[in-house]
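Student: Below is the structure I would like to discuss, written out as structure tokens.
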Amino acid sequence: MQQIDAPLTRCATFLVLCIGDSQDAVQNIQNSLAGVSGLIKNVSSRDNKARFACTTGIGSDAWGRLTEHPKPKELRTLPVLKGKKHSAVSTPGDLLFHIRADRQDMCFEFERQLMESFGDAVTKADVTIGFRYFDARDLLGFVDGTANPVGADLAEATFVTAEDDASSIDGSYVVVQKYLHDLASWKKLTVEQQEAVVGRTKLENIELDDADSGQKAHKTLATIEDEHGVEHDILRDNMPFGSPASGEYGTYFIGYSRKLWVTEKMLERMFVGDPPGLHDRILDYSKPVTGTTFFAPSAQFLNGLAS
Ligand code: HEM
Ligand SMILES: *[C@@H]1O[C@H](CO)[C@@H](O)[C@H](O)[C@H]1NC(C)=O
Numbered sequence: 001m002q003q004i005d006a007p008l009t010r011c012a013t014f015l016v017l018c019i020g021d022s023q024d025a026v027q028n029i030q031n032s033l034a035g036v037s038g039l040i041k042n043v044s045s046r047d048n049k050a051r052f053a054c055t056t057g058i059g060s061d062a063w064g065r066l067t068e069h070p071k072p073k074e075l076r077t078l079p080v081l082k083g084k085k086h087s088a089v090s091t092p093g094d095l096l097f098h099i100r101a102d103r104q105d106m107c108f109e110f111e112r113q114l115m116e117s118f119g120d121a122v123t124k125a126d127v128t129i130g131f132r133y134f135d136a137r138d139l140l141g142f143v144d145g146t147a148n149p150v151g152a153d154l155a156e157a158t159f160v161t162a163e164d165d166a167s168s169i170d171g172s173y174v175v176v177q178k179y180l181h182d183l184a185s186w187k188k189l190t191v192e193q194q195e196a197v198v199g200r201t202k203l204e205n206i207e208l209d210d211a212d213s214g215q216k217a218h219k220t221l222a223t224i225e226d227e228h229g230v231e232h233d234i235l236r237d238n239m240p241f242g243s244p245a246s247g248e249y250g251t252y253f254i255g256y257s258r259k260l261w262v263t264e265k266m267l268e269r270m271f272v273g274d275p276p277g278l279h280d281r282i283l284d285y286s287k288p289v290t291g292t293t294f295f296a297p298s299a300q301f302l303n304g305l306a307s
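To convert, note that position 288 of the sequence shown is 288 in the UniProt record's numbering; the numbers rise steadily by one, no gaps.
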């Protein structure tokens, strides 16, 4: 298994790469991916207390180029969601590396050695360097990640089982979106208005009651029940990123799930709204500039890619 359940760390690098056109590039990448678990071991061992972890994801278009193994059942390119007011984007990406540690230098060192092993077989689609902001707050000022599943619920929410898809056991679907915030407008809201948007209190992070009708809060729109009334969770490891001098303030959203439809449904409820038209007000202050879906297979699967 890959360490999808690794804890939220102080630092994280989100690296999205595209694979070059040549057959040489594909072979190079197969070998490099098979070496990633060794690379993780090597970098981790430089400071075992730093909780270093990296998960690797493969995009829908890249899957068939890298392996003859059946494609995970639900894996597809992220749909472009169009609401009345806001739209999500779907952007290219063949490989995802979600690199985590309590030390920035370890994320850097892993990225350096990884890029060296890929050479010119890849091009960069996006790299975002995230950081912990106080008590795991996003740049809107709210604690982010509280409702994440833990323990047995975490495994249940994230890992594909034989019952779901026998060819993808122990893997996980991953959706990433890089959001930029309009903090100047956000700050014009009162704290009470902000709390109503998110669905939690700002200082103490206490959940507010769901609205009986009309506009729903972010946390309500992101709660998914199936037709049997069963709730389906995902695991989020969002990180803030940005540069005040450049006027850039962002949240990098990353969601792992056992069922891709759950994350896609959350996005639909946020962008289209529930009922349609009543979109997630967080989007009035947050704009996605990337959006890509991956599948993070088991570590064993990655090791077996060597050609
Ligand atoms: C601008 C981007 C986003 C920000 C700043 C943000 C922030 C937050 C905050 C502050 C919470 C409440 C605390 C918590 O439970 O973690 C929350 C909850 C949640 N968010 Fe987001 N979020 C963003 C995007 C998304 C997206 C794109 C999804 C899914 C596709 C999502 C799914 C969820 C879920 C499932 C919850 C927990 C709901 C519950 O069961 O209470 N979020 N988010
Ligand atoms: C990890 O380190 C060992 C010992 O230095 C080296 O032989 C191996 O090639 C390294 N693995 C990777 C993937 O860099």
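Ideal Cβ placement from N, Cα and C applies to all residues, glycine included.
Values in this document were obtained by computation on a predicted structure and should not be read as measured data.
Once you ignore the five residues that flank SER37 on each side, which residues in its own chain have a CB closer than 8 Å to its CB?
Tutor: As a position in the sequence shown, residue 37 is number 37, starting the count at 1. ALA299, LEU302, ASN303, listed in sequence order.
Student: Tell whether a beta-carbon distance below 8 Å holds between PHE142 and LYS202.
Tutor: To locate residue 142, count along the sequence shown from 1; it is residue 142. To locate residue 202, count along the sequence shown from 1; it is residue 202. Cβ distance < 8 Å, so PHE142 and LYS202 count as in contact.
Student: Looking at ILE169: is its Cβ nearer than 8 Å to the Cβ of VAL176?
Tutor: Along the sequence shown, read from residue 1 onward, the residue named residue 169 stands at position 169. Along the sequence shown, read from residue 1 onward, the residue named residue 176 stands at position 176. Going by C-beta atoms, ILE169 is not nearer than 8 Å to VAL176.
Student: Does the distance from the C-beta atom of VAL174 to that of GLY57 stay below 8 Å?
Tutor: On the sequence shown, position 174 is the one that residue 174 refers to. On the sequence shown, position 57 is the one that residue 57 refers to. Contact: yes.
Student: Does the beta carbon of THR123 fall short of 7 Å from some heavy atom of ligand 1?
Tutor: For this step, residue 123 is matched to residue 123 along the sequence shown. Checking the Cβ of THR123 against ligand 1 gives no.
Student: Under three-state DSSP, which class holds ILE234?
Tutor: Against the sequence shown, residue 234 aligns to sequence position 234. Three-state result, ILE234: coil.
Student: Indicate whether PRO250 and LYS178 have their beta-carbon atoms separated by less than 8 Å.
Tutor: Here residue 250 is taken as the residue at index 250 of the sequence shown, counted from 1. Here residue 178 is taken as the residue at index 178 of the sequence shown, counted from 1. Just to set this straight, residue 250 is Gly in the shown sequence, not Pro. Contact: yes.
Student: For my contact list, HIS218 and ILE224 are in at a C-beta cut-off of 8 Å; report their separation, rounded to the angstrom.
Tutor: Translated into the one-based positions of the sequence shown, residue 218 becomes position 218. Translated into the one-based positions of the sequence shown, residue 224 becomes position 224. That pair is no contact at about 13 Å.
Student: Whole beta strand (DSSP E) runs in the segment 203-255 with 3 or more residues, listed along the chain?
Tutor: List check, beta strand (DSSP E) in window: 239-243.
Student: Within this structure, are the beta carbons of LEU81 and SER60 separated by less than 8 Å?
Tutor: Translated into the one-based positions of the sequence shown, residue 81 becomes position 81. Translated into the one-based positions of the sequence shown, residue 60 becomes position 60. Result no, Cβ atoms of LEU81 and SER60 do not sit closer than 8 Å.
Student: Do THR158 and SER286 have their C-beta atoms within less than 8 Å of each other?
Tutor: Translated into positions along the sequence shown, residue 158 becomes position 158. Translated into positions along the sequence shown, residue 286 becomes position 286. Contact flag unset, no.
Student: Whose C-beta lies closer than 6 Å to the C-beta of GLU207 among residues of the same chain, with five residues either side of it excluded?
Tutor: Numbered from 1 along the sequence shown, position 207 holds the residue referred to as residue 207. Same-chain partners within the cutoff: ARG200.
Student: Please return the same chain residues whose Cβ sits closer than 7 Å to the Cβ of TRP261, not counting the five positions on each side in sequence.
Tutor: As a working note, residue 261 is residue 261 in the sequence shown. Around TRP261: GLU74.
Student: Quick check for students: name the residue ranges of the beta strand (DSSP E) that lie wholly in the UniProt domain "Dyp-type peroxidase N-terminal" (4-132), counting only runs of 3 or more.
Tutor: The qualifying runs are 11-19, 53-59, 95-101, 122-131.
Student: Just to check, is the beta-carbon of MET266 closer than 7 Å to a non-hydrogen atom of ligand 1?
Tutor: Your numbering for residue 266 matches position 266 in the sequence shown. Yes, ligand 1 has a heavy atom inside 7 Å of this Cβ.
Student: Thinking C-alpha only, which one of ALA155, ARG132, GLU156 is nearest GLY145?
Tutor: For the purposes of this step, residue 145 is identified with residue 145 of the sequence shown, where counting begins at 1. Nearest of ALA155, ARG132, GLU156 to GLY145, Cα basis: ARG132.
Student: Between SER246 and ASP182, what straight-line distance do the alpha-carbon atoms span, to the nearest angstrom?
Tutor: Within the sequence shown, residue 246 is the residue found at index 246, counting from 1. Within the sequence shown, residue 182 is the residue found at index 182, counting from 1. If you take the alpha carbons of SER246 and ASP182, they lie about 13 Å apart.
Student: Quick check on this structure: which residue in VAL89, ALA88, MET115, SER87 has the alpha carbon closest to the alpha carbon of ILE99?
Tutor: Counted from its first residue, the sequence shown places residue 99 at position 99. Here the closest residue by C-alpha is MET115.
Student: Using only the heavy atoms of ligand 1, determine whether one of them is closer than 7 Å to the beta carbon of THR293.
Tutor: Counted from its first residue, the sequence shown places residue 293 at position 293. No, the beta carbon of THR293 sits no closer than 7 Å to any heavy atom of ligand 1.
Student: If we ignore side chains and look at the alpha-carbon of each, how far apart do LYS259 and PHE14 end up?
Tutor: For the purposes of this step, residue 259 is taken as residue 259 along the sequence shown, with counting starting at 1. For the purposes of this step, residue 14 is taken as residue 14 along the sequence shown, with counting starting at 1. If I take the Cα positions, the gap works out to 22 Å.
Student: Hey, could you find the ends of the beta strand (DSSP E) LEU283 is sitting in?
Tutor: Reading the sequence shown from its first residue, position 283 is the one you call residue 283. Segment: none, LEU283 is in no beta strand (DSSP E) and carries neither H nor E.
Student: Going by the CB atoms, is the gap between PRO240 and LEU139 shorter than 8 Å?
Tutor: Here residue 139 is taken as the residue at index 139 of the sequence shown, counted from 1. Here residue 240 is taken as the residue at index 240 of the sequence shown, counted from 1. Cβ distance < 8 Å, so LEU139 and PRO240 count as in contact.
Student: Could you pull the DSSP bridge partners for LEU180 from this structure?
Tutor: Sequence index remark: in the sequence shown, residue 180 carries index 180 (1-based). Partner(s): GLY250, LYS287.
Student: Would the beta-carbon of GLY57 be found less than 7 Å away from any heavy atom of ligand 1?
Tutor: One-based indexing of the sequence shown puts residue 57 at position 57. No, since every heavy atom of ligand 1 falls outside the 7 Å radius drawn around the Cβ of GLY57.
Student: Tell me, to the nearest whole angstrom, how far the beta carbon of PHE294 is from that of LEU96; I am working on the premise that it is less than 8 Å.
Tutor: Position 294 of the sequence shown, counting from 1, holds the residue named residue 294. Position 96 of the sequence shown, counting from 1, holds the residue named residue 96. With 8 Å as the limit, PHE294 and LEU96 qualify as a contact, their Cβ atoms being about 5 Å apart.
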